[in-house]
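First comes the structure, then the notes that go with it.
Residue numbers (mature numbering (1 follows the signal peptide of the UniProt record, and there is no 0)): -22 to -1, 1 to 902.
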């Protein structure tokens, strides 16, 4: 064996490289001790780093490293080292071989953790670790390499905890994979943002809700332990140069621990949007940045100082509150998770006394807190990118923030029990940023949603208490009509009276009439009488407007009628309820008729309320229902009810007839006149002149012409309707009667028409239509004269035929003397009639007064044949007079009435025409 004591410096170096290459490093301390000048510690470590195989078990050379550091080799000086492998090289050859050696530097090219150039072992160990991972990927060997030294080397300890420990847990403990493993180079090349996304995004690979907690505590926690390493800072600065994160805005730039953990808070907030369950589980089982499993390598060392630790806890709690606000899920499990997260945050920050909700709480709490800071928040405060800002009053952990959020969650829980689910963000927006109208709209939506839940049976007394609590959260300022304190209540801007009114409407909609009467009528503590009446009225109209059938025994109309029945007895003097009853009665009566509006839209009750002229619906009824005019009493009752319902101001048929200040009684008279006019027109359209004539005489004749006044004739009310209907009937000409009826029937109808025209003269409210009416009457008079002439001719012809006895079988003709006497008598009769006609037929008057006088005279003699007995030219009663005398007992009352009508019409006609002309009556 060659003696190594005769080796040159170059041979000593070659011998050290040979020992390392052969894996026999136990002699290195001895060689280094013999040739300290040729083999200083740095060169020996570089030789080991370069030539010792990375697969060599660290246990075989860590003792050697310790001996090298201590400078006391374990071998004795008497032990000789076998130098035969290098003795064959000459000095020149040895030097040449040494010059060709490419020893690796101790400092890893991308490592800046060791700032002390004299810390050779730290540089060697970290570089050796990278070499082992690169060549073998056997990361447990790295742990064996570092274990003997980490306790006395702080940099190595930090690197072990922040780099190697997360890597070992990823690759070998939690996410082992034969195909894909993380390397040191990959992990160490990540900045904080990237590493947090990568390490935490592996959550859920095993579908375990504890995965995220494990990653936070055992992988991310150790990795974040090295956030202050120089390499990490350099990587983070490069990343920050490319993008600005919320964490850099909200975290102090001098403390990268806070900045890095703020990335974690952001990640948790974003994660909650897609996996709320695992995020909730993380908050419930992880205590924040200080809850990190460092594998026991920290040896009781405090991770962060007190100020940093407190700040990190506060920011972690803020992220928990932010997660609650941002969740879009409204399920029961999500709500329970939010309540648990809030309780957890309050416990971490020692704010449990300000909680008003717990997972098992059921009683309605009284929420009291200082809302001044909360009320200063804006809508921007609820945006996702603002929830983690430290100045956000909603999420920055404080007593008011915890109290407010607990009240919001209890409100959501209460609404969920009522069957109406909303998100936390929506509830906060309603409370803080909605005006009174918006809050009222939301309240109505909630009440409507509860009412629509037919599958659930609610105790509406409890529902009322819950809704009232939502309005004020049990705050002290709730007496009377006062609103709750600002910010204290989900609907604090809506007054108590309005909330009670909405609840009352809900009671009525679900048919809880007895409960509504008991709470709002009998107790007399919730609302005053006027407010109750208005709420009931609105509820009735809502149901009425939604009804599809006007029959009050069906559907919405029945419900509206039931509500009216339940409350009208408690408001006997209510004008509104009387109007509603009349409206329902009118609607019910209309439902029995077929009625279709424009564009084939079927009639619905709301059509009355929205129609500009409800009475025109009766005209449509008459047009669409044959013989409906015969039920004039029903139609009149509908009109009266429409007036009683408050539609009197819209009953005018034209704008020029509109009277803004008209009493109800006058409105009823006007409506009845209009309905009768419509019924008369409908009868005439159906060629039923007799019914129209009967309606006029019995319902439109003025009281001055009748012994008893008609309800339709009120002289105090301007009447511009009746005369038109009467005039229209007077101008009517039956096409069937004029062509095929008997002469007597034509005379009868013509006389009736003349009677109606004379009545139209009396009813006309102004002199404008008088010439037209008189013209029509004169044409009828001329036609009557023609018919009378025809009647006389027919009588003469009949008499001639009757006197001609020769035409009778077996009869004998008159003698010459008898024939002369008969012709003489007949001649005298003709002369008498001619004289009588000349007396009655005045010459055509030249002025309006003469026309009226002539019309009145003819009207007295022709239009009312029942006024007196008509005599023949010979002074004998006519056949018609004889017939009337025979039936005088049976028709005495009718004849007397017609006589009275004749006299009144004639006298009224003359006086009316005189009024037109300005003439003074004779008695003046």
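Beta carbons are placed, not taken as given, at the ideal position from N, Cα and C, and that holds for glycine. Model, not experiment: these values are computed from the prediction.
(message) What does the alpha-carbon distance come out to for the pair residue 698 and residue 738?
(response) What you label residue 698 is simply residue 720 of the chain shown in a count that begins at 1. What you label residue 738 is simply residue 760 of the chain shown in a count that begins at 1. If I take the Cα positions, the gap works out to 11 angstroms.
(request) Just the C-alpha distance for residue 476 and residue 486, rounded to the nearest angstrom, thanks. (result) Translated into the one-based positions of the chain shown, residue 476 becomes position 498. Translated into the one-based positions of the chain shown, residue 486 becomes position 508. Using only the alpha carbons, I get a separation of about 15 angstroms.
(message) Using the three-state DSSP reduction, which class does residue 636 fall into: helix, strand or coil?
(response) Numbered from its first residue, the chain shown carries residue 636 at position 658. With a pLDDT of 41 at residue 636, under the threshold of 50, the modelled position of this residue cannot be trusted; read the value that follows with caution. Coil.
(request) Give me the Cα-Cα distance between residue 465 and residue 322, rounded to the nearest whole angstrom. (result) One-based indexing of the chain shown puts residue 465 at position 487. One-based indexing of the chain shown puts residue 322 at position 344. Whole-angstrom Cα-Cα distance: 24 angstroms.
(request) Select from 386, 702, 241, 802 the residue whose C-alpha is nearest the C-alpha of residue 363. (result) Against the chain shown, residue 363 aligns to sequence position 385. Looking at the Cα atoms, 241 is the closest of the given residues.
(request) Please go through the region 689 to 762 and give each complete alpha helix (DSSP H) segment of 4 or more residues, from N-terminal end onward. (result) 700 to 708, 713 to 718, 721 to 741
(message) Among 809, 517, 471, whose alpha-carbon lies nearest the alpha-carbon of residue 535?
(response) One-based indexing of the chain shown puts residue 535 at position 557. Among 809, 517, 471, the Cα nearest to that of residue 535 is on 517.
(request) Output yes or no for whether 7 angstroms exceeds the beta carbon distance between residue 46 and residue 19. (result) Along the chain shown, read from residue 1 onward, the residue named residue 46 stands at position 68. Along the chain shown, read from residue 1 onward, the residue named residue 19 stands at position 41. Their beta carbons are under 7 angstroms apart, which means residue 46 touches residue 19 by this criterion.
(message) Buried or exposed, going by whether 16 or more other CB atoms sit within 10 Å of the CB of residue 576?
(response) If you number the chain shown from 1, residue 576 lands on position 598. Exposed: under 16 other Cβ atoms inside 10 Å.
(request) Quick one: measure Cβ to Cβ for residue 198 and residue 178, integer angstroms, because I've assumed they're closer than 8 angstroms. (result) Locating residue 198 in the chain shown gives position 220, where the first residue counts as 1. Locating residue 178 in the chain shown gives position 200, where the first residue counts as 1. Yes, they are in contact, since the Cβ atoms of residue 198 and residue 178 sit about 6 angstroms apart, within 8 angstroms.
(message) I need the straight-line Cα distance from residue 290 to residue 195, nearest angstrom please.
(response) For this step, residue 290 is matched to residue 312 along the chain shown. For this step, residue 195 is matched to residue 217 along the chain shown. Going by the C-alpha atoms only, they are around 15 angstroms apart.
(request) Provide the residue span of the alpha helix (DSSP H) that contains residue 144, from first to last. (result) Numbered from its first residue, the chain shown carries residue 144 at position 166. Per DSSP, residue 144 belongs to the alpha helix (DSSP H) from 143 to 146.
(message) When you compare the CB positions of residue 707 and residue 670, do they come within less than 7 angstroms of one another, or not?
(response) Within the chain shown, residue 707 is the residue found at index 729, counting from 1. Within the chain shown, residue 670 is the residue found at index 692, counting from 1. For residue 707 and residue 670, yes; Cβs fall inside 7 angstroms.
(message) Which residues does DSSP list as the beta-bridge partners of residue 580?
(response) By one-based count along the chain shown, residue 580 stands at place 602. Beta-bridge pairing links residue 580 to 574.
(request) Note down, in chain order, each residue of its chain lying with its Cβ closer than 8 angstroms to the Cβ of residue 602, except the 5 sequence neighbours on either side. (result) The residue given as residue 602 occupies position 624 in the chain shown. Result list for residue 602: 571, 572, 573, 574, in chain order.
(request) Compare the Cα-Cα distances from residue 34 to each of 48, 764, -2, 8 and report the closest residue. (result) Translated into the one-based positions of the chain shown, residue 34 becomes position 56. Of the listed residues, the one whose Cα sits closest to residue 34 is -2.
(request) Go ahead and label residue 315 buried or exposed: buried means 16 or more other beta carbons lie within 10 angstroms of its beta carbon, across all protein chains shown. (result) Here residue 315 is taken as the residue at index 337 of the chain shown, counted from 1. It is buried - the Cβ of residue 315 has at least 16 other Cβ atoms within 10 Å.
(message) Output needed for residue 651: all residues of its chain with C-beta closer than 7 angstroms, excluding positions within five of it in sequence on either side, in chain order.
(response) To locate residue 651, count along the chain shown from 1; it is residue 673. Cβ within range, chain order: 690, 697, 699, 700.
(request) List the whole-angstrom C-beta distance separating residue 728 from residue 765, where the pair is believed to meet the contact cut-off of C-beta under 8 angstroms. (result) Taking the chain shown and counting its residues from 1, the one referred to as residue 728 is at position 750. Taking the chain shown and counting its residues from 1, the one referred to as residue 765 is at position 787. About 7 angstroms separates the two Cβ atoms, so the contact holds.
(message) Using a Cβ-based criterion (distance less than 6 angstroms to any ligand heavy atom), does residue 768 qualify as near the ligand ATP?
(response) Ligands are entirely absent from the displayed structure, and the ligand ATP is therefore not among its contents.
(request) Classify residue 237 as helix, strand or coil using the three-state DSSP reduction. (result) On the chain shown, residue 237 is found 259 positions in, with the first residue counted as 1. In this structure, residue 237 counts as helix in the three-state DSSP scheme.
(request) In the DSSP assignment, find the unbroken alpha helix (DSSP H) run with residue 678 in it and report its ends. (result) The residue given as residue 678 occupies position 700 in the chain shown. Taken as a continuous stretch (DSSP letters only), residue 678 belongs to no alpha helix (DSSP H), as it is neither H nor E.
(message) In whole angstroms, give me the CA-to-CA distance for residue 502 and residue 494.
(response) Numbered from 1 along the chain shown, position 524 holds the residue referred to as residue 502. Numbered from 1 along the chain shown, position 516 holds the residue referred to as residue 494. Distance between the alpha carbons of residue 502 and residue 494 is about 11 angstroms.
(request) Take residue 66 as the anchor and find which of 14, 127, -12 has the nearest alpha-carbon. (result) In the chain shown, residue 66 corresponds to position 88, counting from 1. The candidate whose alpha carbon is nearest that of residue 66 is -12.
(request) Taking residue 422 as the reference, give the member of 483, 374, 371 with the closest Cα. (result) As a position in the chain shown, residue 422 is number 444, starting the count at 1. It is 483 whose Cα lies nearest to the Cα of residue 422.
(request) Answer yes or no: do residue 450 and residue 381 have a C-beta to C-beta separation smaller than 7 angstroms? (result) Counting from one through the chain shown, the residue named residue 450 turns up at place 472. Counting from one through the chain shown, the residue named residue 381 turns up at place 403. Contact: no.
(message) Looking at residue 190: is its Cβ nearer than 7 angstroms to the Cβ of residue 260?
(response) Along the chain shown, one-based indexing puts residue 190 at 212. Along the chain shown, one-based indexing puts residue 260 at 282. Their beta carbons are under 7 angstroms apart, which means residue 190 touches residue 260 by this criterion.
(request) Taking 7 angstroms as the cut-off, decide whether the C-beta atoms of residue 607 and residue 614 are in contact. (result) If you number the chain shown from 1, residue 607 lands on position 629. If you number the chain shown from 1, residue 614 lands on position 636. The answer is no: Cβ separation not under 7 angstroms.
(message) Would residue 566 and residue 530 qualify as a contact pair, given that the criterion is a beta-carbon distance under 7 angstroms?
(response) By 1-based counting over the chain shown, the position of residue 566 is 588. By 1-based counting over the chain shown, the position of residue 530 is 552. Yes, they are a contact pair.
(request) Kindly list the residues whose CB is nearer than 7 angstroms to the CB of residue 113, restricted to its own chain and excluding five residues on each side of it in sequence; keep chain order. (result) The sequence position of residue 113 within the chain shown is 135, counting from 1. Around residue 113: 32.
(message) Excluding the 5 residues flanking residue 295 on each side, which residues of the same chain have their C-beta closer than 6 angstroms to its C-beta?
(response) Position 317 of the chain shown holds residue 295. Hits under 6 angstroms: 323, 326, 327, 375.
(request) Can you give me the Cβ contacts of residue 23 inside the same chain, cut-off strictly under 7 angstroms, excluding the 5 residues immediately before and after it? (result) Taking the first residue of the chain shown as position 1, residue 23 is located at position 45. Excluding positions up to five away in sequence, the list reads 84, 98, 102.
(message) What does the Cβ neighbour count give for residue 619, buried or exposed, with the cut at 16 atoms within 10 Å?
(response) Here residue 619 is taken as the residue at index 641 of the chain shown, counted from 1. By the neighbour-count rule (16 or more Cβ atoms within 10 Å), residue 619 is buried.
(message) Measuring straight from C-alpha to C-alpha, what distance separates residue 419 and residue 703?
(response) If you number the chain shown from 1, residue 419 lands on position 441. If you number the chain shown from 1, residue 703 lands on position 725. Computed Cα separation, rounded: 52 angstroms.
(message) Residues in the same chain with beta-carbon distance under 6 angstroms from residue 555, minus the five sequence neighbours each way, listed in chain order, please.
(response) As a position in the chain shown, residue 555 is number 577, starting the count at 1. Hits under 6 angstroms: 546, 549.
(request) Take the Cβ of residue -16 as the centre, count every other Cβ of all protein chains shown within 10 Å, and call the residue buried at 16 or more, exposed below. (result) For the purposes of this step, residue -16 is taken as residue 7 along the chain shown, with counting starting at 1. Answer is buried; the Cβ neighbour count reaches 16.
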